[in-house]
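So the sequence shown is numbered by my numbering: it starts at 39 and just counts up by one.
Even glycine gets a Cβ: it sits at the ideal position worked out from N, Cα and C.
Each remark here refers to the structure printed beneath this line.
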Amino acid sequence: MIEEVEELMQHWGNQFNQVGEGGGLGSPMATIIEWGGSAPRGTPGSRDLMMAAGGGMDHAALEVAAALAQLERQSEKGALLVTLARNRYLPRPALSVRSQLPFLGLGEDADRTYRNWVHALHRQVLVILTVRSAPMRDRNRRVRSPETGLTCASKVARVRVC
């Protein structure tokens, strides 16, 4: 098990259970219908706008959800790993390991195999998240090649005209 990925997956499960997969802000007409006019303003207390207004999951949880969707499309084993993720991280209260085994087609004494599947899930999610973040890193990195370096001296000899 990869601890960092385990934390991300748990965060994804919590976000999914709080706000669901979809999100979106309500329409002004729905607000008028719900409140019988304009919604009250200036209500005391702090609120998280994204959660209260139905803005959906945060960026980290959305990236995990996208990685799982990509994994599910890759192969049958990927789809089985996503089934494992949904059964491991979404139910509240959490399912026991024994109750998750039939969803994977494993016997009751396959605890070690289950742990290997969890590790495989974490590895796949980590690889997909790394690849998904790679274009961002390439855009922000400076290229240091002699062809594009502006601080390099010219190799062409100057000709002085007097």
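Using the rule of at least 16 other Cβ atoms within 10 Å of the residue's Cβ for burial, across every protein chain shown, is residue i buried or exposed?
i      : result
Ile70  : exposed
Met95  : buried
Gln112 : exposed
Trp53  : Sequence inspection shows Gln at residue 53; the Trp mentioned does not correspond to that position. Result: buried.
Grab me the residues of residue i's own chain with a C-beta within less than 7 angstroms of its C-beta, minus the 5 sequence neighbours each way, in chain order.
i      : result
Ile166 : Ala105, Gln108 and Leu109
Pro131 : none
His49  : Ala98 and Ala99
Asn125 : Leu133, Gln138 and Phe141
Ala117 : Glu110
Glu101 : Leu167 and Arg170
Ala123 : Met47, Leu106 and Leu159
Pro66  : none
Since residue i is in the alpha helix (DSSP H), which residue starts that stretch and which ends it?
i      : result
Pro140 : Val135 to Leu142
Leu128 : Counting along the chain, Leu128 falls outside any alpha helix (DSSP H), and DSSP gives it neither H nor E.
Glu59  : First-last for Glu59: undefined, no H or E at that position.
Glu101 : His97 to Gln112
Spatial neighbours of residue i within its chain, please: C-beta separation below 6 angstroms, excluding the five flanking residues on both sides.
i     : result
Met47 : Tyr127
Gly51 : Tyr127 and Leu128
Below 8 angstroms CB to CB, which residues in the same chain sit around residue i once its five sequence neighbours on both sides are set aside?
i      : result
Tyr152 : Val135, Gln138, Leu139, Leu142 and Leu144
Thr121 : Phe141 and Leu142
Met39  : Arg153, Val156, His157 and His160
Glu146 : Arg136 and Leu139
How many whole angstroms separate the CB atoms of residue i and residue j, which I take to be in contact at a CB cut-off of 8 angstroms?
i      : j      : result
Leu206 : Ala158 : In this structure the chain extends from 39 to 200, so residue 206 is not present and cannot be described.
Val43  : Val169 : 14 angstroms between Cβ atoms; not a contact.
Ala103 : Glu41  : Rounded, the Cβ-Cβ distance is 20 angstroms, inconsistent with contact.
Taking only beta-carbon atoms, is residue i less than 8 angstroms away from chain D?
i      : result
Ala158 : Among the chains in the structure shown there is no chain D, since it carries only a single protein chain.
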